[in-house]
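What follows is one structure encoded as structure tokens, with my remarks underneath.
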Amino acid sequence: GLAIRIAETYGVTLIGFLRDNQFVIYTHKQRVQF
């Protein structure tokens, strides 16, 4: 979607929280350590 394209363009790490401590990292996954 548009938010993902903007995050990729501007170097923003985009994470969407779902539930029960689970989440999806949409952009720049290499920046997140867990």
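In terms of the numbering used here, the sequence shown opens at residue 276 and continues consecutively.
For each residue, glycine too, the CB sits at the ideal point set by N, CA and C.
C-alpha distance - residue i paired with residue j, whole-angstrom precision
{"i": "R294", "j": "I300", "result": "14 Å"}
{"i": "A282", "j": "N296", "result": "22 Å"}
{"i": "L277", "j": "V307", "result": "22 Å"}
{"i": "G286", "j": "I279", "result": "10 Å"}
{"i": "F292", "j": "F309", "result": "14 Å"}
Helix, strand or coil at residue i according to DSSP, with G and I counted as helix
{"i": "L277", "result": "helix"}
{"i": "Q297", "result": "strand"}
Assumed close pair residue i, residue j - CB separation to whole angstroms, cut-off 8 Å
{"i": "T284", "j": "H303", "result": "12 Å between Cβ atoms; not a contact."}
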